[in-house]
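Colleague: In the numbering used here, the protein residues as written are 361 to 496.
We treat Cβ as the ideally placed atom computed from N, Cα and C, and that holds for glycine.
Here it is: the structure, laid out below.
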Amino acid sequence: MILREVPWPRSRPPVTVEQWPTVPINVLFVCTTNLVRSPMAARLLDEVTGRRCVGRSAGLAREAPRRVTTRELAWAHVVVVMERWHEQEIRRYWPRHAGKVRVFGIPDAYDRGDGELDALLTDKIRALVGGLGGRA
């Protein structure tokens with residue numbers, strides 16, 4: 361059973377449920393400015409999965425230190441966006457990758473180090489990993 365086929369210029373094979381967690385799942389977390397939510401989610405993914413998933417983060421805003429690119433989207437097996445409008449932007453500019461998108465529904469209302477955000481992201485990441493066939 362294939363989790364998700366990812367178009368990759370170097371003919372990268374898809375990851376199957378049987379291979380996971382021996383083959384890491386690449387997860388790209390996307391928020392607006394890549395300052396709080398998505399970097400925290402990428403860090404928590406490593407903690408929650410024991411590095412069975414590889415997390416990266418990027419932002420959609422011009423001022424984001426690391427912006428969403430076609431290369432980042434192609435790298436990812438799963439793209440997790442924090443808000444519905446992030447999903448709409450990916451569908452608009454990168455329709456080929458729209459099928460990989462999951463929405464966490466976390467608004468831009470948190471500061472760095474916010475314990476509430478940490479707990480919320482941890483719960484959502486556990487649910488995501490469980491839905492991929494792994495155990496967190």
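1. Ends of the alpha helix (DSSP H) at Ala418?
2. Just reading off the beta strand (DSSP E) that Arg444 is part of, what are its end residues?
3. Name the DSSP bridge partner or partners of Asp466?
4. Can you tell me the Cα-Cα spacing of Ala487 and Gly493, whole angstroms?
5. If you pair each beta-carbon of the segment 414-430 with each one of the segment 386-397, do three or more pairs fall below 8 angstroms?
6. What is the rounded straight-line gap between the Cα of Asp468 and the Cα of Asn394?
7. Express the C-alpha separation of Ile485 and Glu365 in angstroms, rounding to a whole number.
8. In its own chain, which residues sit with a C-beta less than 8 angstroms from the C-beta of Arg495, not counting the 5 before and 5 after it?
9. Counting along the chain, where does the alpha helix (DSSP H) carrying Leu481 start and finish?
10. Measuring CB to CB, does Val440 end up less than 8 angstroms from Arg472?
11. Might you give, ordered along the chain, the residues of its own chain that have their beta carbon closer than 6 angstroms to the beta carbon of Trp435, omitting 5 neighbours on each side?
12. Please state whether the Cβ-Cβ distance between Leu481 and Ala401 is less than 8 angstroms.
13. Pull up the DSSP beta-bridge partners for Arg427, would you.
Modeller: Result, derived from the coordinates:
1. Indexing the sequence shown from 1 puts residue 418 at position 58. Boundaries around Ala418 are those of the beta strand (DSSP E), Cys413 to Gly419, since no alpha helix (DSSP H) includes it.
2. Within the sequence shown, numbered from 1, the residue matching residue 444 stands at position 84. Per DSSP, Arg444 is not a residue of any beta strand (DSSP E); the alpha helix (DSSP H) it occupies stretches across Arg444 to Tyr453.
3. The sequence position of residue 466 within the sequence shown is 106, counting from 1. According to the sequence as given, residue 466 is Ile; it is not Asp. In the DSSP output, where bridge partners are listed per residue, Ile466 has none listed.
4. In the sequence shown, counting from the first residue as 1, residue 487 sits at position 127. In the sequence shown, counting from the first residue as 1, residue 493 sits at position 133. For Ala487 and Gly493, the distance between alpha carbons rounds to 10 angstroms.
5. Yes, they touch.
6. Residue 468 sits at position 108 when you count from the first residue of the sequence shown. Residue 394 sits at position 34 when you count from the first residue of the sequence shown. So the alpha carbons of these two residues sit roughly 11 angstroms apart.
7. Within the sequence shown, the letter at position 5 stands for residue 365. Within the sequence shown, the letter at position 125 stands for residue 485. The pLDDT assigned to Glu365 is 40, lower than 50, so where the model puts this residue is not dependable, and the model offers no usable value.
8. As a first step, residue 495 is located in the sequence shown; it is residue number 135 there, counting from the start. Any reading at Arg495 needs caution, since the residue's pLDDT is 47, under 50, leaving its predicted position unreliable; the model's value is listed next. Around Arg495, the same chain offers Val489 as residues with beta carbons nearer than 8 angstroms, after the five sequence neighbours per side are excluded.
9. In the sequence shown, counting from the first residue as 1, residue 481 sits at position 121. First-last of the alpha helix (DSSP H) with Leu481: Gly475 to Gly491.
10. Counting from one through the sequence shown, the residue named residue 440 turns up at place 80. Counting from one through the sequence shown, the residue named residue 472 turns up at place 112. No. Outside cutoff.
11. Working through the sequence shown from its first residue, we reach residue 435 at position 75. The residues are Asn386.
12. Numbered from its first residue, the sequence shown carries residue 481 at position 121. Numbered from its first residue, the sequence shown carries residue 401 at position 41. With a cutoff of 8 angstroms on beta-carbon distance, Leu481 and Ala401 are scored as near each other.
13. In the sequence shown, residue 427 corresponds to position 67, counting from 1. Answer is Gly419, bridged to Arg427.
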